[in-house]
Amino acid sequence: MSYIESSKQDKEECIFCVKPRENRDEENLILKRGRYAFIVMNLYPYNTGHVMVSPYRHVPSLVELTDEEGMEVMKLVALSIKALQHAMNPHGFNVGANIGRIAGAGIAEHVHIHVVPRWAGDTNFMTVVSGTKVMPELITDTYKKLVNSLSKVE
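The sequence shown runs 922 to 1075 under my numbering.
Structure below.
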């Protein structure tokens, strides 16, 4: 819960600002860094392989990004999809951004795009009945798989 509550603090506490500055990419699940944006795994994924693409600059909306930032964010979204296809062979993807708290953004002050791989039947009785998601592998194993995949698809 502290992960979500951190969005209520100032930008110095924002995970999308703090984590890239720490230079502990594996520990912070940062998969790839660009000049203006980066790919990071979601610590609380909707599905195995759920990643987010975020600009380094602390802005709440896509419309506030410069052209360079926006282009790199989209290039990293596409690269994320390629890497996930290579590593995990999903049947499809959900790609999107929740702009503003009312739209469902957990961290509304710093825009980010979710890339969620999907498989046929990936919603089962555990999710529907108990609100519990079963993850088939450790997030650290998925991280290693995706880092390897990124090096092959770039």
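For each residue, glycine too, the CB sits at the ideal point set by N, CA and C.
Leaving out five residues before and five after residue i in sequence, what residues of the same chain have Cβ atoms less than 6 Å from its Cβ?
{"i": "K940", "result": "N949"}
{"i": "M973", "result": "V961, N963, H1033, H1035"}
{"i": "I1020", "result": "S982"}
{"i": "K1065", "result": "none"}
{"i": "R945", "result": "none"}
{"i": "E947", "result": "none"}
Who are the Cβ neighbours of residue i in its own chain at under 8 Å, not counting the five residues just before and after it?
{"i": "N1022", "result": "The sequence as given places Arg at residue 1022; Asn does not occur at that position. Closer than 8 Å at the Cβ level, and outside the excluded window around R1022, lie A1029."}
{"i": "F1014", "result": "I1002, L1005, V1036, V1037, P1038, R1039"}
{"i": "V1016", "result": "V998, I1002, I1034, H1035, V1036, V1037"}
Taking all protein chains shown into account, do 16 or more other C-beta atoms lie within 10 angstroms of the C-beta of residue i, making it buried, or fewer, making it exposed?
{"i": "V1005", "result": "First, the amino acid is wrong: residue 1005 is Leu here, not Val. By the neighbour-count rule (16 or more Cβ atoms within 10 Å), L1005 is buried."}
{"i": "F1046", "result": "Annotation note: pLDDT 48 at F1046 (below 50); position unreliable, coordinate value reported separately. Looking at its Cβ environment, which holds fewer than 16 other Cβ atoms inside 10 Å, F1046 is exposed."}
{"i": "T1061", "result": "exposed"}
{"i": "H1012", "result": "exposed"}
{"i": "T987", "result": "exposed"}
{"i": "T1063", "result": "buried"}
In the DSSP assignment, the beta strand (DSSP E) including residue i goes from what residue to what residue?
{"i": "L952", "result": "951-954"}
{"i": "H1012", "result": "Careful: H1012 lies outside any beta strand (DSSP E) and carries neither H nor E."}
{"i": "A958", "result": "958-962"}
Is it the case that the Cβ atoms of residue i and residue j are separated by a distance below 8 Å?
{"i": "V1110", "j": "L952", "result": "In the structure as shown, the chain begins at 922 and stops at 1075. Residue 1110 is therefore absent and cannot be evaluated."}
{"i": "A958", "j": "Y977", "result": "yes"}
{"i": "S1072", "j": "H1031", "result": "no"}
{"i": "H1007", "j": "V1074", "result": "yes"}
Tell me which same chain residues have a C-beta within less than 7 Å of the C-beta of residue i, skipping the five on either side of it?
{"i": "E1058", "result": "T969"}
{"i": "E993", "result": "G955, R956, Y957, A958"}
What residue does the alpha helix (DSSP H) around residue i start on, and which one ends it?
{"i": "R942", "result": "936-942"}
{"i": "V1068", "result": "1060-1074"}
Using the Cα positions of residue i and residue j, report the straight-line distance between them to the nearest angstrom.
{"i": "P966", "j": "E990", "result": "25 Å"}
{"i": "D931", "j": "A1026", "result": "Summary for D931: the model assigns pLDDT 49, below 50, so the residue's position carries little reliability; its value from the coordinates is reported in the next sentence. Roughly 16 Å between the two C-alpha positions."}
{"i": "W1040", "j": "S1070", "result": "19 Å"}
{"i": "M995", "j": "A1018", "result": "12 Å"}
{"i": "R942", "j": "H979", "result": "13 Å"}
{"i": "C938", "j": "D1043", "result": "32 Å"}
{"i": "M1009", "j": "I936", "result": "26 Å"}
{"i": "E985", "j": "A1024", "result": "17 Å"}
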